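Comments concern the structure below.
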Amino acid sequence: MKIVTWNVNSIRAREERLLAWLKKEKPDVLCLQELKVTNEKFPYDLITEAGYYSAVHGQPTYNGVAILSLTEPEDVVCGIQDDEDDPQARLIEATVNGARIINGYFPNGKEVGSDKYEYKLRWMQRLSDHMERTTSPDKDVVLVGDFNVAPDDSDVADPNQWAGSVLCYPDTRKAYEKFLSWGFTDVFRKHNPDGGVHTWWDYRRLAFQRNNGLRIDLVLATKSMAERCVAASVDRDERKGDKPSDHAPVIVEFS
DNA sequence: ATGGTTGCTTAGCAA
Numbered sequence: 003m004k005i006v007t008w009n010v011n012s013i014r015a016r017e018e019r020l021l022a023w024l025k026k027e028k029p030d031v032l033c034l035q036e037l038k039v040t041n042e043k044f045p046y047d048l049i050t051e052a053g054y055y056s057a058v059h060g061q062p063t064y065n066g067v068a069i070l071s072l073t074e075p076e077d078v079v080c081g082i083q084d085d086e087d088d089p090q091a092r093l094i095e096a097t098v099n100g101a102r103i104i105n106g107y108f109p110n111g112k113e114v115g116s117d118k119y120e121y122k123l124r125w126m127q128r129l130s131d132h133m134e135r136t137t138s139p140d141k142d143v144v145l146v147g148d149f150n151v152a153p154d155d156s157d158v159a160d161p162n163q164w165a166g167s168v169l170c171y172p173d174t175r176k177a178y179e180k181f182l183s184w185g186f187t188d189v190f191r192k193h194n195p196d197g198g199v200h201t202w203w204d205y206r207r208l209a210f211q212r213n214n215g216l217r218i219d220l221v222l223a224t225k226s227m228a229e230r231c232v233a234a235s236v237d238r239d240e241r242k243g244d245k246p247s248d249h250a251p252v253i254v255e256f257s
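In terms of the numbering used here, the first sequence opens at residue 3 and continues consecutively.
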């Protein structure tokens, strides 16, 4: 089973690329973030024509997540199931081929010390609590998405430049590591232990041309799934050419 | 400290 996570930065702006990529790669599951579209305006017909089901959690202008899959997604749940009244569409999960797929668009956090950063840390804690409540590490669970976290400096082309950023700050990494101690493995890391592979390059400052990237799009798996993980890669070519997303797809295969 | 670019929506926000 091939599972992919891809922050498309607006699904409507990326329609052509998305359909070409689906046709070429034929993933079993494609988790998308930053749809920037409402459920009403989601291009269901195009996805159906491409042979995929769509489970969608959208909102106007910002955020938005979806799970596309070749077989029908079951038990779809949108949003973190807790008491907080959160209008931001950042989480969707579904069971596909017996595995629980959890797809998150973690908050960026803007700047350390800002209200948005407080929200980022709170959202990550809420997701940790959600995992505790709704599933367990002895099940087949995969948590994927744009984490807006570079787990360590080997995931950052220029660690000095990014040291104080919300993607690398120690509190950010501490919040991320709670998912590992809960029972998740970073399966991309397992297959690329040396680091230096990136998934996001800022549109600004010619970051891609200068190879100034970070690995912030991640695939975490519970033990039973991690044991079946046979390959992991980044489709760096998808960041090239006309009108790319600023993120590249991360592809992980399970036997 | 600021700027650089992209997308949604059309002035300003978010990333």
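Think of the CB as a built atom: it goes at the ideal place given N, C-alpha and C, for glycine as much as any other residue. Please read all numbers here as calculations on a predicted model, not as lab measurements.
Rounded C-alpha distance that separates residue i from residue j
{"i": "residue 226", "j": "residue 187", "result": "10 angstroms"}
{"i": "residue 181", "j": "residue 36", "result": "22 angstroms"}
{"i": "residue 101", "j": "residue 18", "result": "29 angstroms"}
{"i": "residue 56", "j": "residue 165", "result": "38 angstroms"}
{"i": "residue 31", "j": "residue 163", "result": "34 angstroms"}
{"i": "residue 240", "j": "residue 201", "result": "10 angstroms"}
{"i": "residue 205", "j": "residue 248", "result": "6 angstroms"}
{"i": "residue 90", "j": "residue 193", "result": "33 angstroms"}
{"i": "residue 47", "j": "residue 106", "result": "24 angstroms"}
{"i": "residue 44", "j": "residue 60", "result": "8 angstroms"}
{"i": "residue 33", "j": "residue 103", "result": "9 angstroms"}
{"i": "residue 66", "j": "residue 39", "result": "7 angstroms"}
{"i": "residue 134", "j": "residue 195", "result": "28 angstroms"}
{"i": "residue 144", "j": "residue 208", "result": "33 angstroms"}
{"i": "residue 58", "j": "residue 252", "result": "20 angstroms"}
{"i": "residue 142", "j": "residue 236", "result": "23 angstroms"}
{"i": "residue 15", "j": "residue 92", "result": "19 angstroms"}
{"i": "residue 75", "j": "residue 203", "result": "31 angstroms"}
DSSP-derived helix/strand/coil call for residue i
{"i": "residue 77", "result": "strand"}
{"i": "residue 255", "result": "strand"}
{"i": "residue 174", "result": "helix"}
{"i": "residue 136", "result": "helix"}
{"i": "residue 189", "result": "helix"}
{"i": "residue 194", "result": "coil"}
{"i": "residue 107", "result": "strand"}
With 16 other Cβ atoms within 10 Å as the buried cut-off, status of residue i
{"i": "residue 96", "result": "buried"}
{"i": "residue 62", "result": "exposed"}
{"i": "residue 1", "result": "Since the first and last residues shown for the chain are 3 and 257, residue 1 lies out of range."}
{"i": "residue 232", "result": "exposed"}
{"i": "residue 245", "result": "exposed"}
{"i": "residue 28", "result": "exposed"}
{"i": "residue 116", "result": "exposed"}
{"i": "residue 22", "result": "exposed"}
{"i": "residue 26", "result": "exposed"}
So within the segment 43-104, which uninterrupted beta strand (DSSP E) runs reach at least 3 residues, ignoring any that extend past its ends?
Along the segment 43-104, the beta strand (DSSP E) occurs as fully enclosed runs of 3 or more residues at 55-59, 67-71, 76-80, 93-98, listed in sequence order.
Between the segment 77-93 and the segment 9-16, can you find at least three pairs of beta-carbon atoms closer than 8 angstroms?
Segments in contact, no.
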